[in-house]
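Undergrad: Dumping the structure here so I can ask a few things about it.
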Amino acid sequence: MNVNVEEKLFQNRYKVDHDRPHISIINAEICSAECKTQQCTHICPAACYKAEGSGRVVLITDGCLECGTCRIICDDYRNVAWEYPRGGYGILFKFG
Amino acid sequence: MEKFDAIVVGAGPSGNAAAYTLSKAGLSVLQIERGEYPGSKNVQGAILYSDALEKIIPEFRDEAPLERHIIEQRMWVLDDDSYIGTNYRSDAFNKTPYNRYTILRAQFDKWFSEKVSQAGALVICETTVTDLIMDKQRVVGVRTDRENGDILADIVILADGVNSLLAKKAGFHPEINPGDVALAVKEILFLPQETLESRFNVKEGEGVVIEMIGKITQGMMGTGFLYTNNESVTIGVGCMLSDFKETRLSPYLLLEKMKAHPAIKPLIEGGEMKEYTAHLIPEGGLKAMPQIYGDGWMIVGDSGMFVNAVHREGSNLAMTTGQMAAQTVIELKQSGKEMSRKNLAVYRAKLDASFVMKDLAKYKDMPGVFHANRQFFTTYPELVNKAAHTMLTVDGVDKKTKEREIIRSFTRSRSLAGLVGDAYKMWRALR
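As given, the protein sequences belong to chains V and G, one line each in that order.
Those letters in the first sequence? Residues 38 to 133, by the numbering used here.
Those letters in the second sequence? Residues 245 to 675, by the numbering used here.
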């Protein structure tokens, strides 16, 4: 089964804080060279983390649901710097 | 710098309960919420348990935005293309005062927050608290992302949700273990009211909840749910993060497969999806609970792991912890005592004497048992479904032979010792 998560996220309301992502990968080298499992690329419920052919992990936070999964599952390397977006920015749930 | 009696960080059920109770007692309260409005960052299934809220706002039924009161609970154990289950439906649940309701959190939290403002608290939205301000070991205020955004208070109540970043940054507790938290994803699907009511066999205002276990979590420790709102259903599935990490299954794939299950699909057919959400649920129980108070600070709600995962309760524990934290502050204030770690121990004592800690203590071994015994989520759902299928298929085979076949299927999968052991483990964990 193929699931297009972007289609799901399209239903959500966001106020994106352009050029100020609230989550970042601390050291990209660790993701590509050391982390064999790259679980963030599978488990992030908004598919913000993408595995590139080169072994790099690319993070785009625009669709982030602010759940905290990526930070907690990166427990082998603690390579995710995670803050809440600035006040008023990020996901805005209509129904919650 | 401005100073308040109390600062409450977050405007979910626990923060609102705390801020409301404090304000009602005449304390000066600042509540800080990072969302555009209270509720815009909050996610839940969502079932509201009346009792906890009634103890805070007795007249809530006349004002709060409630969806449907629950008259029927279904429990389903699913195999790939079947389920076996139980229903409990009672007309007693159809008599006021109703015991529980479905709600939409974005609307409900907004209403609760209006009550907090009316009670006299200053509620500031679109403001993220970035750090706690410390004076040696003591919390004396908060730093926000606003200009000149430092604010002081005698007590800071942390109602900042499951991620509990502030207490973590301050070093009050370490990062959450992936084995102590579940990741749940859900969608809200809109249906015409008449369609929904005929599908679920209810009248206007009446609702059904379906809790599910089995193949939908693909071997992971977790559950699924389907709740009826007024003109929509909420459908979701959640599993422990440690299991997600191990299997590397995508949560949205799990949800899509669940929606395609032959027992579920007809119930949601034609539903228009209007929001997709994800949220962590702190399910580690009592053994994973952090220190919940210290000099100048207290933790309430999800940030303190106050969730009864077995009974799917959380928002009621959140409200009760918020209320009891507030009552503790009020008592100390009235007797002129400082908000020290020693004096705030009263908060823990109040919780210990309530259903909150009693229930968490009762189920303290459940997370461990489920983690170590995945068969409860895989083998057993399969076996009971197959047993029902064997018994209910009329094919000329006599019932005695069918019984033997079923017993053999159980002992083959789990062995007699395994079956007895599982029963014992469950009994020990639940007693």
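C-beta: ideal position from N, C-alpha, C; glycine also.
Keep in mind that this is a model prediction, so the values were computed, not measured.
Taking just the CA atoms, how far does Asp112 (chain V) sit from Pro257 (chain G)?
TA: 29 Å
Undergrad: Between the region 487–503 of chain G and the region 77–86 of chain V, do at least 3 Cβ pairs fall closer than 8 Å?
TA: yes
Undergrad: At the level of alpha carbons, what is the spacing between Thr565 (chain G) and Lys602 (chain G)?
TA: 13 Å
Undergrad: Within 10 angstroms of the Cβ of Gln288 (chain G), are there 16 or more other Cβ atoms? Answer buried if so, exposed if not.
TA: buried
Undergrad: Buried or exposed: which applies to Gly127 (chain V), given that a residue is buried once 16 or more other Cβ atoms fall within 10 Å of its Cβ?
TA: buried
Undergrad: I want to verify the contact list: residues of chain G whose CB lies under 8 Å from the CB of Gly98 (chain V), in sequence order.
TA: Reading off the sequence, residue 98 (chain V) comes out as Thr, not Gly. Here the premise fails: no neighbours, minimum Cβ distance about 14 Å.
Undergrad: Can you name the residues of chain G whose CB is closer than 9 Å to the CB of Ala83 (chain V)?
TA: Tyr496, Tyr520, Ala522
Undergrad: Where do the N-terminal and C-terminal ends of the beta strand (DSSP E) with Gly468 (chain G) fall, by residue?
TA: 466–472
Undergrad: Taking Cβ-Cβ distances below 8 Å as the criterion, which residues of the region 404–423 of chain G are in contact with chain V?
TA: Val406, Asn407, Leu409, Glu419, Ile420, Asn421, Pro422
Undergrad: Would you check if there are 3 or more beta carbon pairs closer than 8 Å linking the region 257–268 of chain G to the region 550–569 of chain G?
TA: As far as the Cβ criterion goes, the region 257–268 of chain G touches the region 550–569 of chain G, which means the pair count is three or higher.
Undergrad: Out of G:Gly393, G:Asp394, G:Gly463, G:Phe469, which one is the CA nearest neighbour of Val429 (chain G)?
TA: G:Phe469
Undergrad: Counting contacts by CB-CB distance shorter than 8 Å, is Ile291 (chain G) in contact with chain V?
TA: False, the Cβ-Cβ gap to chain V never drops below 8 Å.
Undergrad: Tell me which same chain residues have a C-beta within less than 8 Å of the C-beta of Thr623 (chain G), skipping the five on either side of it?
TA: Ser657, Arg658
Undergrad: Give the secondary structure of Leu354 (chain G) by DSSP, where H, G and I count as helix, E and B as strand, and everything else as coil.
TA: Checking the sequence shown, residue 354 (chain G) turns out to be Lys, not Leu. Looking at Lys354 (chain G) - three-state DSSP - the assignment turns out to be helix.
Undergrad: When Cβ atoms are compared, which residues of the region 44–77 of chain V fall closer than 8 Å to chain G?
TA: Lys45, Leu46, Gln48, Asn49, Lys52, Thr74, Gln76
Undergrad: Am I right that Arg349 (chain G) and Glu450 (chain G) are in contact with their C-beta atoms under 8 Å? What's the rounded C-beta distance?
TA: No, Arg349 (chain G) and Glu450 (chain G) are not in contact; Cβ-Cβ is about 21 Å, not under 8 Å.
Undergrad: Does Met568 (chain G) have its Cβ less than 8 Å from a Cβ in chain V?
TA: no
Undergrad: If we count the other Cβ atoms within 10 Å of its Cβ and call it buried at 16 or more, is Ile63 (chain V) buried or exposed?
TA: With fewer than 16 other Cβ atoms within 10 Å, it is exposed.
Undergrad: Is the CB-CB distance between Cys367 (chain G) and Val386 (chain G) below 8 Å?
TA: One point to set straight first is that residue 367 (chain G) is Val, not Cys, in the sequence displayed. Against a cut-off of 8 Å, the Cβ pair of Val386 (chain G) and Val367 (chain G) comes out as no contact.
Undergrad: Going by Cα to Cα distance, which pick from G:Arg592, G:Glu303, G:Pro282, G:Gln619 is closest to Met670 (chain G)?
TA: G:Gln619
Undergrad: Going by DSSP in three states, Asp306 (chain G) sits in which element: helix, strand or coil?
TA: Collapsing the DSSP output to three states places Asp306 (chain G) in a helix.
Undergrad: How should Tyr579 (chain G) be labelled, buried or exposed, when 16 other C-beta atoms within 10 angstroms of its C-beta is the threshold for buried?
TA: Residue 579 (chain G) is actually Ser in this sequence, not Tyr. With fewer than 16 other Cβ atoms within 10 Å, it is exposed.
Undergrad: Output yes or no for whether 8 Å exceeds the beta carbon distance between Leu376 (chain G) and Gly105 (chain V).
TA: no
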